[in-house]
Structure formats: structure tokens, C-alpha cells
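A.B. asks: Following this message is one structure expressed as C-alpha cells.
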Amino acid sequence: MFGCKARVGLASVGIPVDELCNLSMEEDIEKIMLQPENNEDNEIRDENSENNEIGDEKCLVNKRQENITNERNNSIQCLKKQAERMTTQSNKKYQELEVGTTVHPHAIY
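Heads up, the final residue of the sequence shown is numbered 109 in the UniProt record's numbering, and it's a clean run with no missing numbers.
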């Protein structure tokens, strides 16, 4: 949602991966959540998650920028094709005139 993958399940709660394997009951989750954790571990995890989020944001910005560039190039190609079709149809429909020739509006149709 909002440009990033949704975090679902126990991994989104913040339980360490090595402890996830040992969980068997809901009470185990409660014990882990209620345990006081080491502040240094929390700081390291916070820094790692911030670094991952920043990396994800940069990747997302790069992808968006690439998509914008691709769409712009595609638009340019489509406009060129449209201009070519318009000039081709105009050349088929109307005869070529010399410079300075007067054209009556009813003569065109």
C-alpha cells in the first residue's frame, strides 16, 4: 500500500527471526512481546530498518522515474505517428498550391 509491500504476519510485529521458529502457541508470542529487550539491540534494529526503508524508497523513486521517462518517450513516439498521419491525410485530401494563390473557402470542400 502507498508504494510499498504490505507487511503481514508475525514478521511485521518486530519479533526477531530466530525466535519466530521457536513459537508454537499464542502465549509464546505474549512472553516475547512482554520481555524487556536490550536497548542496544533495539537501536541496531531501528537503524537497520531505517536503512532498509531508505533503500526501498530510493529503489521506488528510481523505478518511478524510469516509468515516467518511458511514458514520456512513448508519448513522443505516439505524437510523431499522429502528426505523420495528419500530414499524410492532408496531402491526400488537398491539392498542392503555389505560394500566393487565393483559395475560396467553398472550393476546399
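The beta carbon of each residue, even a glycine, is placed where N, CA and C say it ideally should be.
Residue range of the alpha helix (DSSP H) that M33 falls in?
C.D. replies: Mapped onto the sequence shown, residue 33 falls at position 33. M33 -> alpha helix (DSSP H) spans 26-34.
A.B. asks: Distance check for I68 and N62, CA to CA, integer angstroms please.
C.D. replies: Stepping through the sequence shown from its first residue, residue 62 is reached at position 62. Stepping through the sequence shown from its first residue, residue 68 is reached at position 68. About 10 Å.
A.B. asks: For R81 and E19, what's the separation of their Cα atoms in angstroms?
C.D. replies: As a first step, residue 81 is located in the sequence shown; it is residue number 81 there, counting from the start. As a first step, residue 19 is located in the sequence shown; it is residue number 19 there, counting from the start. The identity of residue 81 in the sequence shown is Lys, whereas the question assumes Arg. Roughly 60 Å separates the two Cα atoms.
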